[in-house]
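In my numbering, the protein residues as written are 2 to 127.
For every residue, glycine included, the Cβ atom is placed at its ideal position computed from N, Cα and C.
On a predicted model such as this, the values are computed, not experimentally measured, just so you know.
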């Protein structure tokens, strides 16, 4: 599934990790880098490098946090919003292909199992 999505994303010049950052940021605009790193389950320094590249590509904008001079708030640019509009159908197509042949009940059970597995691993990491 990752490989299939990577191939599609590559056609518009974005990597899967960059897509993850952009899509989460779209749902959480104005989040600080630390909060986004936590959501992505990556180290803040790792996310910082990714945001640097996205900023260089004019996809993400850092704005100073008025409540904390040391922190940055992250926002998508208009260019990023356009890119996400192109990528959403690619993501849906990849998911549909991966779930082809599964009933609605099987799809729901699969998603519930994956959420539980993620919760299990997140709890153990703490």
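Residues sharing a beta bridge with residue i, DSSP
i	result
residue 33	74
residue 69	66
Under 7 Å between C-beta atoms of residue i and residue j
i	j	result
residue 27	residue 84	no
residue 35	residue 74	no
residue 55	residue 40	no
residue 79	residue 72	no
residue 117	residue 108	no
Buried versus exposed call for residue i [16 or more other C-beta atoms within 10 Å across all chains shown]
i	result
residue 12	exposed
residue 4	exposed
residue 29	exposed
residue 122	exposed
residue 93	exposed
residue 127	Legend: pLDDT at residue 127 = 48, less than 50; position of this residue unreliable, value from coordinates given subsequently. Exposed, because fewer than 16 other Cβ atoms sit within 10 Å of the Cβ of residue 127.
Start-to-end residues for the beta strand (DSSP E) that takes in residue i
i	result
residue 61	61–66
Endpoints, the alpha helix (DSSP H) within which residue i is located
i	result
residue 23	17–28
residue 56	45–57
residue 85	79–99
Whole-Å CB distance - residue i paired with residue j, under 8 Å assumed
i	j	result
residue 48	residue 58	Contact doesn't hold; Cβ gap of about 15 Å is too wide.
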